[in-house]
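Enquirer: First to last, the protein sequences are chains P and E.
Under the working numbering, the first residue of the first sequence carries the number 86, and numbering increases by one thereafter.
Under the working numbering, the first residue of the second sequence carries the number 86, and numbering increases by one thereafter.
Yeah, the Cβ is synthetic: ideal placement off N, Cα and C, and Gly gets one too.
These numbers come from a predicted model, not from an experiment.
There are 2 protein chains.
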Amino acid sequence: MNKMVKTIKEAITLSGLKDGMTISFHHHLRNGDMVAVMVLEAIAQLGISDLNVNISSVFDAHMPILQHIRDGVVTGIETDYMGGMVGRAVSEGILEKPVTFRTHGGRASDIIRGASPIDVAFIAAPTADCMGNCTGKEGPSACGSLGYAFADAMYAKKTVVITDHLVDYPLIGGSIGEDYVDYVVCVDKIGEPSGIVSGTTKITKDPVGLVIADYAAKAIDASGLLKDGFSFQTGAGGASLAAAKYLKDIMVRKGIQGSYGLGGITAYMVDMLQAGCFKALYDVQCFDLDAVKSIKTDPRHMEVTASHYAGPGAKSSAVDSLDVVILGATEIDTQFNVNVHTDSNGYIMGGSGGHSDTAAGAKMAMIVAPLSRARLPIVVDQVLCTSTPGATVDVLVTQCGIAVNPLRQDLAERFRQAKLPVVEIHQLKEMAEKLTGVPKKPVHGDRVVANVLYRDGSLLDQIYNIPVFQA
Amino acid sequence: MNKMVKTIKEAITLSGLKDGMTISFHHHLRNGDMVAVMVLEAIAQLGISDLNVNISSVFDAHMPILQHIRDGVVTGIETDYMGGMVGRAVSEGILEKPVTFRTHGGRASDIIRGASPIDVAFIAAPTADCMGNCTGKEGPSACGSLGYAFADAMYAKKTVVITDHLVDYPLIGGSIGEDYVDYVVCVDKIGEPSGIVSGTTKITKDPVGLVIADYAAKAIDASGLLKDGFSFQTGAGGASLAAAKYLKDIMVRKGIQGSYGLGGITAYMVDMLQAGCFKALYDVQCFDLDAVKSIKTDPRHMEVTASHYAGPGAKSSAVDSLDVVILGATEIDTQFNVNVHTDSNGYIMGGSGGHSDTAAGAKMAMIVAPLSRARLPIVVDQVLCTSTPGATVDVLVTQCGIAVNPLRQDLAERFRQAKLPVVEIHQLKEMAEKLTGVPKKPVHGDRVVANVLYRDGSLLDQIYNIPVFQA
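1) Give me the chain E residues within the contact set of K88 of chain P, using Cβ-Cβ distance strictly less than 9 angstroms, ordered along the chain.
2) Which of the three DSSP states, helix, strand or coil, is assigned to V389 of chain E?
3) One question on the structure: do K333 of chain P and C371 of chain P come within less than 7 angstroms of each other, judged by their Cβ atoms?
4) Between which two residues does the beta strand (DSSP E) holding G348 of chain E run?
5) Tell me, please, which residues DSSP counts as bridged to E416 of chain E.
6) If you draw a straight line from the alpha carbon of D373 of chain P to that of T351 of chain P, how long is it in whole angstroms?
7) Skipping 5 residues on each side, what residues in its chain have a beta carbon closer than 6 angstroms to that of A234 of chain P?
8) Looking at chain A, is there any beta carbon in it that lies within less than 7 angstroms of the beta carbon of S392 of chain P?
9) Taking the alpha helix (DSSP H) that F554 of chain E belongs to, which residues open and close that run?
10) For P255 of chain E and chain P, any beta-carbon pair shorter than 7 angstroms?
11) Provide the residue span of the alpha helix (DSSP H) that contains L295 of chain E, from first to last.
12) Does chain E have any CB closer than 7 angstroms to the CB of R385 of chain P?
13) Using the three-state DSSP reduction, which class does N490 of chain P fall into: helix, strand or coil?
14) From the DSSP secondary-structure annotation, give me the bridge partner or partners of D373 of chain E.
15) Kindly say whether A365 of chain E, judged by its beta-carbon, lies nearer than 7 angstroms to any beta-carbon of chain P.
16) Can you give the Cα-Cα distance for I281 of chain P and N116 of chain P, rounded to whole angstroms?
17) Do A517 of chain E and L456 of chain E come within 7 angstroms of each other at the CB atom, strictly closer than that value?
18) Hey, is S457 of chain P's beta-carbon within less than 7 angstroms of any beta-carbon in chain E?
19) Find the nearest neighbour of F421 of chain P within the set P:A488, P:I162, P:G309, P:M148, judged by alpha-carbon distance.
20) Can at least three beta-carbon pairs, one atom from the segment 398-415 of chain E and one from the segment 258-270 of chain E, be found at a separation below 8 angstroms?
21) Three or more C-beta pairs closer than 8 angstroms, one from the segment 321-336 of chain E and one from the segment 519-533 of chain E: is that the case here?
22) Classify T477 of chain P as buried or exposed, calling it buried when 16 or more other Cβ atoms lie within 10 Å of its own Cβ.
23) So what does Q318 of chain E bridge to, in DSSP terms?
24) So is E95 of chain P in contact with chain E if we call contact Cβ pairs under 7 angstroms?
25) In chain E, which residues lie with their C-beta within 9 angstroms of the C-beta of S344 of chain P?
26) Could you tell me if E498 of chain E is buried or exposed, where buried requires 16 or more neighbouring beta carbons within 10 angstroms of its beta carbon?
27) Could you check whether D442 of chain E and T185 of chain E sit closer than 7 angstroms to each other, using their CB atoms as the reference points?
28) Which two residues bound the contiguous alpha helix (DSSP H) that contains A324 of chain P?
29) Please state the DSSP three-state secondary structure of P225 of chain P.
30) Going along chain P in order, which residues have a C-beta closer than 7 angstroms to the C-beta of G396 of chain E?
31) Among the residues of its own chain, which have a CB less than 7 angstroms from the CB of F315 of chain E, if the five just before and after it don't count?
32) With the cut-off set at 7 angstroms, would you say C219 of chain P and A227 of chain P are in Cβ contact?
33) In chain order, what residues of the same chain have a beta carbon less than 8 angstroms from the beta carbon of A459 of chain P, not counting five sequence neighbours either side?
34) Any beta carbon of chain P sitting closer than 7 angstroms to that of S405 of chain E?
35) Measure the beta-carbon distance from G320 of chain E to I411 of chain E and round it to whole angstroms, keeping in mind my assumption that it falls under 8 angstroms.
36) Rounding to the nearest angstrom, what Cα-Cα distance links V246 of chain P and G168 of chain P in this structure?
Here it is as structure tokens:
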């Protein structure tokens with residue numbers, strides 16, 4: 086048995102890929118990913134068309150997909166996140182079929198339960214052996230965890246591993262096993278290291294961000310959840326990271342030994358592990374080089390699959406045991422619904438990722454955001470797109486106060502006792518509007534360009550096209 | 086969400102177990118396993134009956150299953166191996182329904198592809214957390230790998246983890262993830278350490294066994310397969326282990342760096358890893374304490390699932406890359422078919438385990454056996470039960486010479502060049518019969534007590550009842 090094939094084209098041909106099928110990619114190489122573009126180019130050259138592309142996240146590095154859409158090679162996209170450049174084209178109507186947005190957990194569970202079948206999965210593997218055992222922890226394009234790729238590899242009809250670092254069989258410390266892999270291709274380069282991981286993720290230096298971070302850390306301290314066994318997830322945004330830094334200081338000062346840090350992992354979470362704030366990290370995706378190094382060398386820093394991380398169809402997942410998650414928002418409305426899919430003009434420039442998964446699981450889901458951004462208020466009457474339902478969002482922290490979901494009077498009471506500036510979310514909206522004025526609702530067209538599915542697969546919202554007025 | 090339940094009975098009730106369903110167990114606790122008996126006792130007390138039991142191996146420790154068969158609690162058994170005590174009762178007809186025998190690889194693949202559905206899987210877990218993340222590497226009943234249990238846990242409708250060592254969430258270094266687990270029960274004790282692993286597995290001291298081992302090692306050396314990258318599996322029998330010891334000496338002397346050792350792992354394979362004979366071990370089951378210690382501490386010593394080990398339905402498995410396997414036999418016939426299911430009287434006292442999986446995968450499958458045992462010849466005209474088809478068996482090594490399957494003239498030629506005593510298998514049969522006489526065929530009844538499935542699920546052979554003559 087020999088799974089090694091010389092070229093991506095050969096692997097595609099052997100996989101039996103035909104017009105109308107679904108292919109999949111994962112996004113651990115982030116904005117350094119060269120694999121999706123490489124595969125789509127080969128597919129185009131082979132004359133295969135009308136493909137549905139299920140890709141866990143779309144980055145600006147994937148811009149060439151737009152030409153493949155124009156050429157009819159790609160006619161559908163399913164994803165959990167879409168960066169601004171491809172997002173703009175989708176918002177302007179480049180695809181006839183609406184994009185399907187899922188959450189990171191929902192995507193894995195839909196693949197596993199057969200609601201989102203994949204014909205051919207392409208796994209970008211920083212290290213692999215000739216039978217397809219592979220890992221993200223080693224190699225010139227090392228990205229750490231391959232968490233999102235497991236469901237693809239395990240449930241696709243055919244699985245192709247594409248690597249630029251082939252090692253002798255058997256790979257030691259493999260992630261995805263050969264039992265799921267049909268073909269292996271070795272290419273010169275699967276990713277641009279500078280795009281795969283930033284050198285280090287950086288704390289904000291913006292004074293507004295630091296005030297928000299300080300309130301966020303103090304609110305967590307006051308929540309009653311910060312005690313031995315505490316578990317925590319935070320995003321990689323500057324204010325979120327600053328909050329993690331402040332939280333670490335509190336935990337170290339009070340001698341609190343948490344249980345686990347979760348999510349996309351940054352240097353700050355690794356630092357908290359090493360400082361004894363956590364006894365373990367569950368890592369579905371590494372955000373920086375320190376995280377990649379840590380997952381490779383520290384057994385307490387564990388790779389998790391997307392299903393184990395956040396799958397709503399799993400018997401349980403790590404988000405179900407989560408105490409606190411800090412999340413961002415482009416908009417939040419007075420019912421605490423959060424938009425992370427579109428910007429204030431209605432253009433797609435994001436997606437849920439693990440946002441609504443963690444909000445649903447965590448005992449306290451906290452949004453950190455400035456009162457306004459680019460002269461637009463963050464708090465609105467109704468979000469343009471509901472990415473995460475307000476019922477699962479507990480707290481909004483801004484530089485001008487902390488608004489607590491009315492469902493969580495217990496938290497509001499604790500914050501007040503800790504002398505934190507608790508305000509009504511309507512007050513935050515008014516404060517913002519005093520600064521920015523009341524913005525006009527952006528104009529959208531009447532064609533649905535994206536369906537936003539909640540983590541359980543139900544339709545949560547729809548995103549409409551943005552009309553393009555030509556001069 | 087709380088998966089912890091107080092008693093096994095409560096877990097059974099919550100699982101929805103009903104008359105006529107299938108439950109499963111794995112056998113990593115070997116003859117020290119207390120879980121299968123504990124669960125069957127609870128089921129009996131709950132009044133549930135007519136159960137089909139899919140258990141990866143049946144040991145003498147499972148004798149109480151016989152009473153549950155008599156009581157109608159258990160009416161079917163599917164397994165890969167059945168020890169002599171339960172085997173005798175089955176051979177004498179205690180079950181109305183024939184036992185289904187599979188191979189270790191075939192069992193996993195049949196579970197995965199849905200050909201062998203499980204309603205409730207019971208996982209004996211030496212260490213677990215409250216959400217069901219579990220491992221065999223730690224705890225008072227540590228058994229090392231949980232390789233055979235993965236398919237059960239992943240594909241059963243309900244999965245119950247039973248442990249005697251509960252640790253804080255999240256378990257570090259877990260094997261089976263919480264995403265597959267419904268309930269967790271903590272009991273006083275899941276196994277008798279002395280029965281789980283022998284202190285150390287022992288090389289034979291029998292001079293006949295040592296001659297066989299010496300020939301076996303020399304034959305491997307002469308085969309052309311013993312070079313850098315060499316991969317190897319051996320059983321835990323005394324002569325097989327002695328062969329491994331001699332092989333190690335050859336590899337060390339010649340400076341050969343193999344790739345991996347496979348299978349049920351013993352101290353001798355660990356020793357070969359540490360001596361540089363292999364760069365990795367793939368471990369589906371630990372046979373002794375040294376193996377348990379090694380898999381816990383050495384990252385090169387890797388746990389594999391049964392599917393990754395030997396699943397015929399997997400895209401590939403480790404047996405597909407295997408160079409040489411050394412296996413035992415209770416009988417081998419002149420067509421090289423091997424029986425490991427019954428003794429020479431026709432009584433069930435074994436099973437394929439990974440026998441036919443590895444024989445099918447390995448470039449050279451070598452049977453080691455003495456010319457006769459208990460005054461019965463090992464080589465016969467036709468085995469009582471075909472466990473492993475002769476087409477996949479290459480060599481028989483006895484103390485009186487080495488017989489090579491006519492399909493492998495290449496090997497015979499290499500052995501002759503190395504001055505090894507190559508003989509025809511018919512000659513070995515004649516030599517044995519000169520010593521022992523020609524044995525009478527045992528008498529069997531006309532009722533099928535077991536169907537032996539080949540690894541692909543096809544019917545390979547059937548085992549008949551042994552009539553019991555009462556005085």
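Expert: Per the coordinate set shown:
1) Looking up residue 88 of chain P in the first sequence gives position 3. Simply K400, S401.
2) For the purposes of this step, residue 389 of chain E is taken as residue 304 along the second sequence, with counting starting at 1. In the structure shown, V389 of chain E sits in coil (DSSP, three-state: anything other than H, G, I, E or B).
3) Taking the first sequence and counting its residues from 1, one reaches residue 333 of chain P at position 248. Taking the first sequence and counting its residues from 1, one reaches residue 371 of chain P at position 286. No, the Cβ-Cβ distance between K333 of chain P and C371 of chain P is not below 7 angstroms.
4) Position 263 of the second sequence, counting from 1, holds the residue named residue 348 of chain E. Start and end: 345-350.
5) If you number the second sequence from 1, residue 416 of chain E lands on position 331. Per DSSP, E:N424.
6) Looking up residue 373 of chain P in the first sequence gives position 288. Looking up residue 351 of chain P in the first sequence gives position 266. About 6 angstroms.
7) Sequence index remark: in the first sequence, residue 234 of chain P carries index 149 (1-based). If the five residues before and after A234 of chain P are omitted, its C-beta is found closer than 6 angstroms to the C-beta atoms of H111, I208, all from its own chain and listed in chain order.
8) Here chain A cannot be found, since the structure's protein chains are P and E.
9) Here residue 554 of chain E refers to the residue found at position 469 when the second sequence is read from its first residue. Where F554 of chain E is concerned, there is no enclosing alpha helix (DSSP H), given that its DSSP letter is neither H nor E.
10) Here residue 255 of chain E corresponds to residue number 170 of the second sequence, with the count starting at 1. So yes, P255 of chain E belongs to the interface.
11) On the second sequence, residue 295 of chain E is found 210 positions in, with the first residue counted as 1. Start and end: 292-307.
12) Here residue 385 of chain P is taken as the residue at index 300 of the first sequence, counted from 1. With 7 angstroms as the cut-off, R385 of chain P counts as an interface residue toward chain E.
13) For the purposes of this step, residue 490 of chain P is taken as residue 405 along the first sequence, with counting starting at 1. In this structure, N490 of chain P counts as coil in the three-state DSSP scheme.
14) Residue 373 of chain E sits at position 288 when you count from the first residue of the second sequence. D373 of chain E is bridged to E:S283.
15) For this step, residue 365 of chain E is matched to residue 280 along the second sequence. Taking Cβ atoms only, chain P reaches closer than 7 angstroms to A365 of chain E, which makes this a yes.
16) Position 196 of the first sequence holds residue 281 of chain P. Position 31 of the first sequence holds residue 116 of chain P. Near 6 angstroms, if we compare the C-alpha coordinates of N116 of chain P and I281 of chain P.
17) Working through the second sequence from its first residue, we reach residue 456 of chain E at position 371. Working through the second sequence from its first residue, we reach residue 517 of chain E at position 432. For L456 of chain E and A517 of chain E, yes; Cβs fall inside 7 angstroms.
18) Counted from its first residue, the first sequence places residue 457 of chain P at position 372. Judged by the 7 angstroms Cβ criterion, S457 of chain P is not in contact with chain E.
19) As a position in the first sequence, residue 421 of chain P is number 336, starting the count at 1. Among P:A488, P:I162, P:G309, P:M148, the Cα nearest to that of F421 of chain P is on P:A488.
20) Not touching, per the Cβ criterion.
21) no
22) Residue mapping note: residue 477 of chain P aligns to position 392 of the first sequence, counting from 1. Around the beta-carbon of T477 of chain P, 16 or more other beta-carbon atoms lie within 10 Å, marking it buried.
23) Within the second sequence, numbered from 1, the residue matching residue 318 of chain E stands at position 233. Q318 of chain E is bridged to E:L347, E:V410.
24) Your numbering for residue 95 of chain P matches position 10 in the first sequence. Taking Cβ atoms only, chain E never reaches closer than 7 angstroms to E95 of chain P, which makes this a no.
25) The count along the first sequence starts at 1 and reaches residue 344 of chain P at position 259. Ordered by position in chain E, the residues that pass the 9 angstroms Cβ test against S344 of chain P are D253, Y254, P255.
26) To locate residue 498 of chain E, count along the second sequence from 1; it is residue 413. Flag for E498 of chain E reads exposed.
27) Residue numbering aside, residue 185 of chain E sits at position 100 when the second sequence is read from its first letter. Residue numbering aside, residue 442 of chain E sits at position 357 when the second sequence is read from its first letter. No, they are not a contact pair.
28) Position 239 of the first sequence, counted from the start, is the residue given in the question as residue 324 of chain P. For A324 of chain P, the enclosing alpha helix (DSSP H) stretches over residues 323-339.
29) Position 140 of the first sequence, counted from the start, is the residue given in the question as residue 225 of chain P. In this structure, P225 of chain P counts as coil in the three-state DSSP scheme.
30) For the purposes of this step, residue 396 of chain E is identified with residue 311 of the second sequence, where counting begins at 1. In chain order: D264.
31) By one-based count along the second sequence, residue 315 of chain E stands at place 230. Around F315 of chain E: I341, G343, S344, D408.
32) For this step, residue 219 of chain P is matched to residue 134 along the first sequence. For this step, residue 227 of chain P is matched to residue 142 along the first sequence. Cβ distance not < 7 angstroms, so C219 of chain P and A227 of chain P don't count as in contact.
33) The count along the first sequence starts at 1 and reaches residue 459 of chain P at position 374. The beta carbon of A459 of chain P lies closer than 8 angstroms to those of S429 in the same chain, with the five residues before and after it left out.
34) Taking the second sequence and counting its residues from 1, one reaches residue 405 of chain E at position 320. Residue identity check: residue 405 of chain E is Asp in the sequence provided, not Ser. True, the Cβ-Cβ gap to chain P drops below 7 angstroms.
35) Within the second sequence, numbered from 1, the residue matching residue 320 of chain E stands at position 235. Within the second sequence, numbered from 1, the residue matching residue 411 of chain E stands at position 326. Right, the Cβ-Cβ distance comes to about 6 angstroms (below 8 angstroms), so this counts as a contact.
36) Position 161 of the first sequence, counted from the first residue, corresponds to residue 246 of chain P. Position 83 of the first sequence, counted from the first residue, corresponds to residue 168 of chain P. Those two C-alpha atoms are separated by around 25 angstroms.
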